[in-house]
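Worksheet: the structure to be examined is printed underneath.
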Amino acid sequence: MYENLLANVPTDLWIGGTWRKASDGARLDVIDPATENTIASVASATVDDAKAAVDAASAAMPGWAEKKPRERGEILRKAFELIMRDAERLAKLITIENGKALSDSRGEVAYAAEFFRWNAEEAVRNLGSTSRAPSSGARILVQHKPAGVAVLVTPWNFPAAMATRKIGPALAAGCTVVLKPASDTPLTMLALMPILEEAGVPAGCVNVIPSRSSGKVVSAMLHDPRVRVVSFTGSTEVGRKLLHEAADNVVKPAMELGGNAPFIVFDDADIDAAIEGAMIAKMRNMGEACTAANRFYVHEKIHDEFAKRLTAKMGSLKMGNGLDDGVALGPLVNKEGLDKVIELVEDAVGKGAKVLTGGTAPGGKGYFYPATVLANVPDNAKMLNEEIFGPVASLQTFKSDDEVIHRANDTEYGLVAYLYTKDMSRGLRVSERLDFGMIGLNRGLVSDPAAPFGGMKQSGIGREGAHEGLMEFLETQYISVTW
Ligand code: NAP
33 MYENLLANVP
43 TDLWIGGTWR
53 KASDGARLDV
63 IDPATENTIA
73 SVASATVDDA
83 KAAVDAASAA
93 MPGWAEKKPR
103 ERGEILRKAF
113 ELIMRDAERL
123 AKLITIENGK
133 ALSDSRGEVA
143 YAAEFFRWNA
153 EEAVRNLGST
163 SRAPSSGARI
173 LVQHKPAGVA
183 VLVTPWNFPA
193 AMATRKIGPA
203 LAAGCTVVLK
213 PASDTPLTML
223 ALMPILEEAG
233 VPAGCVNVIP
243 SRSSGKVVSA
253 MLHDPRVRVV
263 SFTGSTEVGR
273 KLLHEAADNV
283 VKPAMELGGN
293 APFIVFDDAD
303 IDAAIEGAMI
313 AKMRNMGEAC
323 TAANRFYVHE
333 KIHDEFAKRL
343 TAKMGSLKMG
353 NGLDDGVALG
363 PLVNKEGLDK
373 VIELVEDAVG
383 KGAKVLTGGT
393 APGGKGYFYP
403 ATVLANVPDN
413 AKMLNEEIFG
423 PVASLQTFKS
433 DDEVIHRAND
443 TEYGLVAYLY
453 TKDMSRGLRV
463 SERLDFGMIG
473 LNRGLVSDPA
483 APFGGMKQSG
493 IGREGAHEGL
503 MEFLETQYIS
513 VTW
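Position in the sequence shown (first residue = 1) + 32 = the working numbering.
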């Protein structure tokens with residue numbers, strides 16, 4: 033069915049600017065979640081392959097780090113243009129390996145490309161400073177150097193953007209990288225490599241090694257003294273493991289982990305805007321996003337109206353193969369993801385939640401789950417404490433600002449919170465009291481390459497995007513000078 037699309041997609045390991053089989057010949061299957069058909073077989077890297085990738089990144093590092101920032105920037109700019117040239121092909125590839133609707137994939141490709149454009153501009157803004165030491169009078173000269181070879185580990189939910197959000201700033205900073213994409217969705221990054229080569233990224237600067245043996249392969253790289261940065265996006269559980277691994281060689285960590293976003297609608301909110309924001313915050317990527325609204329708190333005075341309108345919108349979404357016209361809701365990425373959503377909904381309903389729409393998987397081929405709204409979700413429902421990672425909105429009511437702030441903060445996560453109110457002073461006051469790295473104030477979308485994306489508490493360490501994203505790949509060096 034997708035032969036034309038897949039015909040030219042590479043399926044081996046990209047190491048040192050060449051395509052290689054895995055050293056033991058192992059391969060992993062890529063499944064289309066809409067049909068459950070195997071669509072490709074990709075080389076699965078071993079620890080030896082990972083070492084070869086670090087060798088390549090390490091060999092390429094001096095040349096890349098010494099390149100003039102403007103030259104690095106121009107290559108990144110070219111990469112942005114080439115991705116946009118190939119946007120439709122890449123979007124379709126994302127849809128067939130991840131399942132998301134083509135409209136979501138198109139949005140992702142544009143977002144992914146933007147990390148190259150933004151970092152093309154950041155590459156020339158690696159600014160230092162000079163000051164005078166107050167007591168000794170010496171000059172304090174501060175500069176930022178590329179931190180070294182970076183290991184990048186990314187999840188399946190945004191196969192393009194979660195990787196370019198790391199590759200862009202790493203290259204801008206003068207670092208070289210080894211990327212291990214998620215095993216469910218390795219094709220998009222493999223397809224990006226010829227594009228980066230065409231843009232002028234030298235051999236060895238970006239290496240891609242899908243692997244079913246993620247734990248062993250990543251651990252081996254984090255114990256290689258040439259690796260100085262680990263940038264991970266994925267679950268808090270795996271992030272914790274990698275922090276332990278990184279501790280042995282004191283590798284600099286950047287961690288983008290899980291979320292449990294509250295979506296708060298105050299009684300003075302513009303309900304039209306809140307519904308529109310809710311649909312984006314909940315349904316972008318079918319709820320398979322760390323930023324997905326996981327807990328809706330709606331003021332009791334407007335709850336029924338909000339629930340009615342959200343239910344109508346959610347119930348009208350067309351579900352099907354993400355490549356088909358008009359489909360807004362594709363399948364979830366895999367069987368585990370589907371089973372988890374089914375279990376969380378059954379748990380909530382068993383404890384008293386009321387199904388307003390959806391709530392039952394259709395069965396048959398493909399990992400489909402309908403857009404679902406649950407009201408009266410009890411506090412002990414599992415879905416209020418875990419990432420749902422699916423198209424399910426759980427509604428609760430609240431009475432006062434203090435109460436909802438307390439409930440919103442009552443989680444170990446702190447990635448993003450959304451709130452809707454027409455009173456800006458209330459909005460800013462509440463925002464300050466929310467322990468989240470990002471706030472969507474009258475907005476259902478916070479992701480932006482020009483903004484510092486990241487979480488507090490167990491949602492992560494460090495930021496991606498903005499200038500902060502570049503700093504994750506730089507080391508600060510201070511020179512004390514007498515002149
Ligand atoms: P995951 O299971 O943590 O996997 C993420 C990546 O880590 C994959 O490449 C995976 O490889 C790899 N991995 C798994 N176990 C590993 C280990 N022991 N050592 C080294 N690497 C390992 O997460 P996921 O299910 O793919 O993605 C969903 C999670 O990502 C959610 O929690 C979501 O909130 C989070 N996320 C966070 C952000 C953010 O910016 N904060 C953005 C997107 C997603 P395999 O595929 O081979 O298992």
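Don't be surprised by glycine CBs; every beta carbon is placed ideally from N, CA and C.
Quick caveat: nothing in here was measured; it's all calculated off a predicted structure.
Asked: What I want to know is whether the C-beta of Lys333 ends up closer than 6 Å to one or more non-hydrogen atoms of the ligand NAP.; Found: no
Asked: For a quick check, are the C-beta atoms of Met318 and Leu361 less than 7 Å apart?; Found: yes
Asked: Around the Cβ of Tyr510, are there at least 16 other Cβ atoms within 10 angstroms (buried) or fewer (exposed)?; Found: exposed
Asked: Got a sec? Which residues, its chain only, sit under 6 Å from Ala205 by beta carbon, not counting five neighbours each side?; Found: Pro178, Leu502, Phe505 and Leu506
Asked: Note down the Cα distance separating Leu114 from Glu140, rounded to an integer number of angstroms.; Found: 15 Å
Asked: Answer yes or no: do Ala413 and Lys383 have a C-beta to C-beta separation smaller than 7 Å?; Found: yes
Asked: Going by the CB atoms, is the gap between Arg52 and Asp44 shorter than 7 Å?; Found: yes
Asked: Can you tell me the Cβ-Cβ gap for Ala449 and Pro294, rounded? I've got them flagged as a contact below 8 Å.; Found: 5 Å
Asked: Note down the Cα distance separating Asn408 from Ala425, rounded to an integer number of angstroms.; Found: 11 Å
Asked: What is the DSSP secondary structure of Tyr143, reduced to helix, strand or coil?; Found: helix
Asked: Quick check: the segment 416 to 423 against the segment 284 to 294, are at least 3 beta-carbon pairs closer than 8 Å?; Found: yes
Asked: Going by C-alpha to C-alpha distance, which of Glu269, Thr514 and Asn239 sits closest to Ala223?; Found: Asn239
Asked: Which residues in the same chain have their Cβ closer than 6 Å to the Cβ of Ala77, if we skip the five residues on either side of it in sequence?; Found: Leu45, Ala54, Ile241, Ser243 and Val249
Asked: Thinking Trp150 and Pro481 are a contact (beta carbons under 8 Å), I'd like their distance in whole angstroms, please.; Found: 4 Å
Asked: How is the alpha helix (DSSP H) around Asn36 delimited, first residue to last?; Found: Glu35 to Leu38
Asked: According to the Cβ coordinates, are Gly358 and Thr389 closer than 7 Å?; Found: no
Asked: Asp61 bridges to which residues according to DSSP?; Found: Ser73
Asked: Report yes if the CB atom of Met194 is closer than 7 Å to the CB atom of Thr265, and no otherwise.; Found: yes
Asked: Nearest-angstrom Cα distance between Thr67 and Tyr401?; Found: 14 Å
Asked: In chain order, what residues of the same chain lie with their CB nearer than 6 Å to the CB of Gly48, ignoring the 5 residues before and after it?; Found: Ala88, Ala235 and Gly236
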